[in-house]
Amino acid sequence: MELFSLGGRVAIVTGGNGGIGLGIAKGLAEAGAAVLLAGRDARKATKALASLGSEAGRCGFTAADVTQRSECQKLIASCVARYGRLDILVNNAGTSIRRPPEEYNEAEWHHVLDTNLTGAFLCSQAAYPEMKRSGGGKLINIGSMMSIFGAPYAAPYAASKGGIVQLTRVLATAWARDNIQVNAILPGWIDTELTRKARREVEGLHERVLARTPAGRWGVPEDLAGLAMFLASPASDFITGAAIPADGGYSIQA
Ligand code: NDP
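Convert by adding 14 to the 1-based position in the sequence shown; the result is the number in my numbering.
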């Protein structure tokens, strides 16, 4: 259906070389988009590209550290050089360091904020002129349940993910006149490298998540694909500034 088609569109997914980013990249590619995966680890990217199967020919990888403004700019430039345009940017790259708030040093705080929040801002800033030039675009920021809730081990992570929602609203208001829609996805608990580590570090997390998720399971990266495809497609052209949970009901259960 034309309304949901991404044929001829070009997307960048930061952190698309694994986890949720790869789940989203698969969905965008299946809907017809050419997808450029971005991240730091090229070996992981080779495996990720291979997992895209018949869509892999339309997709590629560019190494980029989103904490560095110059690398964000080069990422956008390499996308335009390769595909001629940029229609969709998924700001998904993220990380966490878990400890009580009183124990973080400044470098740890900045590392999480720089990756999760500043990285999304820098990539969006770099993408804006290109989207404006081509008459519009879609920005999709990845928040978290920590955009809504707190947790005793997540000071910089939750601060960054709360910030992602506000950044989404600001960019949505600023760039609506350029036909750029900006929305956030708030994933529930998804089984990835990030949360496998969390399950090792936070006692009882696995069971608490299962008990509170009405769907009765942890999510998988592919669970995020459908919403991302919608937010990347013309079907969502009148939706902007929204922060939409994709969480198996986690956020509606006390
Ligand atoms: P993963 O650790 O599996 O993936 C994170 C990705 O981000 C990796 O591909 C990594 O690639 C990339 N990345 C990390 N730092 C940088 C950087 N500085 N520059 C470029 N890329 C970077 O985690 P998830 O898939 O779980 O997380 C993806 C997003 O989803 C994150 O924003 C996370 O906060 C969010 N999220 C995850 C949830 C979950 O339950 N899993 C729940 C809610 C939100 P590389 O190492 O190659 O750089």
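Don't be surprised by glycine CBs; every beta carbon is placed ideally from N, CA and C. Keep in mind the model is a prediction, meaning the values are calculated, not measured.
Leaving out five residues on either side along the sequence, give the residues of the same chain with a beta carbon under 8 Å from the beta carbon of A169. P115, Y118, W123
Note down the Cα distance separating R210 from I204, rounded to an integer number of angstroms. 9 Å
Contact check, L103 vs S138, beta carbons under 8 Å: yes
Grouping DSSP H, G and I as helix and E and B as strand, with all else coil, what is A78? coil
Using beta-carbon positions only, say whether I178 and L131 come within less than 8 Å of one another. yes
I'd like the list of long-range same chain contacts for D101, defined as Cβ closer than 6 Å, with 5 residues on each side in sequence excluded. R23, V24, G151
For I90, does the three-state DSSP call read helix, strand or coil? helix
Taking D261 as the reference, give the member of L20, I34, E16, G29 with the closest Cα. I34
With a CB to CB cut of under 6 Å and the five nearest residues on each side skipped, what residues in its chain are close to A45? L20, M243
Give every residue of the same chain whose Cβ lies closer than 7 Å to the Cβ of A229, excluding the five residues on either side of it in the sequence, and list them in chain order. G262, G263
Following the continuous alpha helix (DSSP H) through T182, name the residue where it begins and the one where it ends. 169 to 189
Is the closest heavy atom of the ligand NDP to the C-beta of P201 under 7 Å? yes
Through-space distance from D79 to E221, alpha-carbon basis: 34 Å
Does the ligand NDP have even one heavy atom less than 7 Å from the beta-carbon of G108? yes
Do you know whose CA, among R72, I253, M15, lies nearest I154's CA? I253
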